[in-house]
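Remarks on the structure that follows.
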Amino acid sequence: MKKIIISVIALFGIFNAKAQENTNSEPSKKLSLDEINLVSSYYKQDGNNSAVTGGVGTEKLTDVSNTIDVTMVKYDKKLRKNKFDVSVGIDHYTSASSDMIDLKANSSASRSDNRIYPALSWSRENEAKGSTLMAGASLSSEFDYQSYGANIGVSQKTANRTGEFTAKFQAYLDQVKLITPIELRTGNSTGGEHGSYGTSGRNTFALSLSYSQIINQNFQVEFLADGIQQTGYLSLPFHRVYFADNSVHQEALPDKRFKIPLGVRANYFFGDKLIVRAYYRYYTDDWGLKSNTFSLETPVKISPFVSVSPFYRYYSQTSAKYFAPYQQHTAFDDFYTSNYDLSKFSSNFYGAGIRLSPKNGLFGIERLNMLEIRYGHYTKSVGMQSDIISLNLRFK
Amino acid sequence: MNLRLSFKFKKTIQIKMKNFIKVTAVICFLVTAASVQSCTSVKEYEKSKLNDAEMVLGNRTIEKTELSFQSYREGSSGANAGKVGGGCGCN
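Taken in sequence, the protein lines are chains Z and A. Residue 207 in this note's numbering sits at position 207 of the first sequence, with consecutive numbering throughout. Residue 437 in this note's numbering sits at position 41 of the second sequence, with consecutive numbering throughout.
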């Protein structure tokens, strides 16, 4: 009887406490769904400089990707906002160039493949102090490549809450399956559709720093800087390189690469309808590759719930010092690649998106509060071109 | 002859485009730097435009696949508050 009375008093206390919370309009301490994002994309590309066939040959590829991203929020006892994010992505791609790993059989394992990439992340924001702690883990798995990632970060707002500094450390521990072009296979690396291949490690460590600043009611900027160190097997085992004497070799690249990208973003709201989103990045690394990226997007608000966003991105890079086209390398070169992604080129990417976010939901579904469709066309000065169309549905 | 002229024209356009991008980038940087110097305190109720979904600093959710293919098809990546590694991108 005593226990029952104590339990009833305790329950009454809990309900009373909850009632008090409600009257103070404090945020819920229960885990609640914040939003769900579904993103689907279709990508196709074509060109004639495939690295699998030594810088000549088709680059035809299609990729269908689908990701689901669920964000949940929970306030703890100290009223800190905990955000949990769970996402899973699945890609299905077909690649004509990968089919040329075996020049005769036309049935290599990587001809069509699936990639699955789940990720978990957590952040805890202390609104009173203006600080946030964050951490995450990720996995990416496909037939010839496994990647395990982890990150940890911290951010702090300035005293007047107009600026925010963020530091993040990311690590990726990858394993590359050593699938060699068929004519270069020895007895130990025959592999085959169901055979076993050796693997080699590739590690990436990155420190990312950023600072965002509100300039005024219409204008905000962000400065970004990364330092990225890669070590391990940085070539791809099935990339061929044809030397001047017509002999064929596996791509060989150094086992270290240090990259420094520096970026700045600026978003400005002109009047009530036009927004300008600008981005510039300078990049340099110790393989001799330097690049400049500039992009501009101008969302126009047709109504409070509909906006159209045309965009343009220009990119140019110098060649990595280890690149040479088909039959240009010689036996005097220590490192060699004919991968045109590391050649000198410029690219243009342009297109438009439309975003609908009506007040009462879309298609009679109240929770479906945003739909966005975006199309882009990409061309490289070395002949490759691609198209991508994406759809984002957001439930809230 | 026509082909040579059109090649020269393309080359000139490319050089002009590069110079334009460089000048624009420098101007953007200087304007931004000057603006940071003169930033003002903005109260919560004055942030309606800054809080607009289109004003978010960072990538849009829908850009996820675009950023992936760009990092695979180009020699550089990073400084966009996204992933800096993981995944093959080899095809």
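C-beta: ideal position from N, C-alpha, C; glycine also.
For LYS380/Z, count neighbouring Cβ atoms within 10 angstroms of its own Cβ and tell me buried if that reaches 16, exposed if not. Here residue 380/Z refers to the residue found at position 380 when the first sequence is read from its first residue. Burial call: buried.
Against chain A, with Cβ distances strictly below 9 angstroms, would GLU222/Z count as a contact? Residue numbering aside, residue 222/Z sits at position 222 when the first sequence is read from its first letter. At least one chain A Cβ lies under 9 angstroms of GLU222/Z.
Quick one: what's got a C-beta closer than 8 angstroms to VAL248/Z's C-beta in the same chain, skipping five residues either side? Taking the first sequence and counting its residues from 1, one reaches residue 248/Z at position 248. Hits under 8 angstroms: GLY54, PRO181, GLU183, LEU184, ARG240, VAL241 and TYR242.
Quick one: residues in its chain with C-beta nearer than 8 angstroms to the C-beta of ASP235/Z, no 5 flanking neighbours on either side, listed in chain order? On the first sequence, position 235 is the one that residue 235/Z refers to. The question names Asp, but residue 235/Z is Ser in the sequence shown. Close CB contacts of SER235/Z within its chain, under the 8 angstroms cut and outside five residues either way in sequence, are with GLN250, GLU251, ALA252, LEU253 and THR337 (chain order).
Beta-carbon proximity list for LEU31/Z, same chain, < 6 angstroms, skipping 5 on both sides: Within the first sequence, residue 31/Z is the residue found at index 31, counting from 1. If we look at LEU31/Z and ignore the five residues flanking it on each side, its Cβ neighbours are MET72 and LYS74.
Simplified DSSP state of LEU38/Z, which is helix, strand or coil: Walking along the first sequence from the start, residue 38/Z turns up at place 38. Strand at LEU38/Z.
Nearest to ASP144/Z by alpha carbon, out of GLY57/Z, PHE169/Z, SER123/Z and GLN175/Z? Counted from its first residue, the first sequence places residue 144/Z at position 144. ASP144/Z has its Cα closest to that of GLN175/Z, out of GLY57/Z, PHE169/Z, SER123/Z and GLN175/Z.
Label ALA475/A either buried or exposed according to how many other C-beta atoms from any shown protein chain fall within 10 Å of its C-beta, with 16 as the threshold for buried. Taking the second sequence and counting its residues from 1, one reaches residue 475/A at position 79. It counts as buried.
I need the straight-line Cα distance from ARG166/Z to GLU450/A, nearest angstrom please. Locating residue 166/Z in the first sequence gives position 166, where the first residue counts as 1. Locating residue 450/A in the second sequence gives position 54, where the first residue counts as 1. For the sequence presented, residue 166/Z should be read as Thr rather than Arg. Straight-line Cα distance between these residues: approximately 21 angstroms.
Taking the alpha-carbon of ALA277/Z as reference, which of TYR312/Z, LEU393/Z and VAL306/Z has the nearest alpha-carbon? Position 277 of the first sequence holds residue 277/Z. Sequence check: residue 277/Z is Arg here, not Ala. Answer by Cα proximity: TYR312/Z.
Would TYR242/Z count as contacting chain A if we go by Cβ distances under 9 angstroms? As a working note, residue 242/Z is residue 242 in the first sequence. Taking Cβ atoms only, chain A never reaches closer than 9 angstroms to TYR242/Z, which makes this a no.
Relative to the C-alpha of GLY288/Z, which candidate in SER65/Z, GLN327/Z and LEU342/Z has its C-alpha closest? Here the question's residue 288/Z lines up with position 288 in the first sequence. Measuring from the Cα of GLY288/Z, the nearest candidate turns out to be LEU342/Z.
Establish whether the CB of ASP226/Z and some CB of chain A are separated by less than 9 angstroms. The sequence position of residue 226/Z within the first sequence is 226, counting from 1. For ASP226/Z, the nearest beta carbon of chain A is closer than 9 angstroms to its own beta carbon.
Taking C-alpha atoms, which residue in SER386/Z, ASN246/Z, ILE68/Z and ASN66/Z lies nearest to THR330/Z? Residue mapping note: residue 330/Z aligns to position 330 of the first sequence, counting from 1. Ranking the options by Cα distance to THR330/Z, first place goes to ASN246/Z.
Name, going along the chain, the residues of the stretch 258-270 of chain Z whose beta-carbon falls closer than 7 angstroms to a beta-carbon of chain A. LYS259, PRO261, LEU262, GLY263, VAL264, ARG265, ALA266, ASN267 and PHE269
Within 9 angstroms of any Cβ in chain A, is that where the Cβ of GLU125/Z sits? Working through the first sequence from its first residue, we reach residue 125/Z at position 125. Output row for GLU125/Z: interface = no.
How is the alpha helix (DSSP H) around LEU463/A delimited, first residue to last? What you label residue 463/A is simply residue 67 of the second sequence in a count that begins at 1. Counting along the chain, the alpha helix (DSSP H) containing LEU463/A begins and ends at 460-469.
Taking only beta carbons into account, state which residues of the stretch 281-304 of chain Z come closer than 7 angstroms to chain A, listed in chain order. ARG281, TYR283, LEU289, SER291, ASN292, PHE294 and PRO299
Buried or exposed (CB count within 10 angstroms, at least 16 for buried), LEU33/Z: Numbered from its first residue, the first sequence carries residue 33/Z at position 33. Flag for LEU33/Z reads exposed.
Kindly indicate the opening and closing residues of the beta strand (DSSP E) around TRP287/Z. Taking the first sequence and counting its residues from 1, the one referred to as residue 287/Z is at position 287. Careful: TRP287/Z lies outside any beta strand (DSSP E) and carries neither H nor E.
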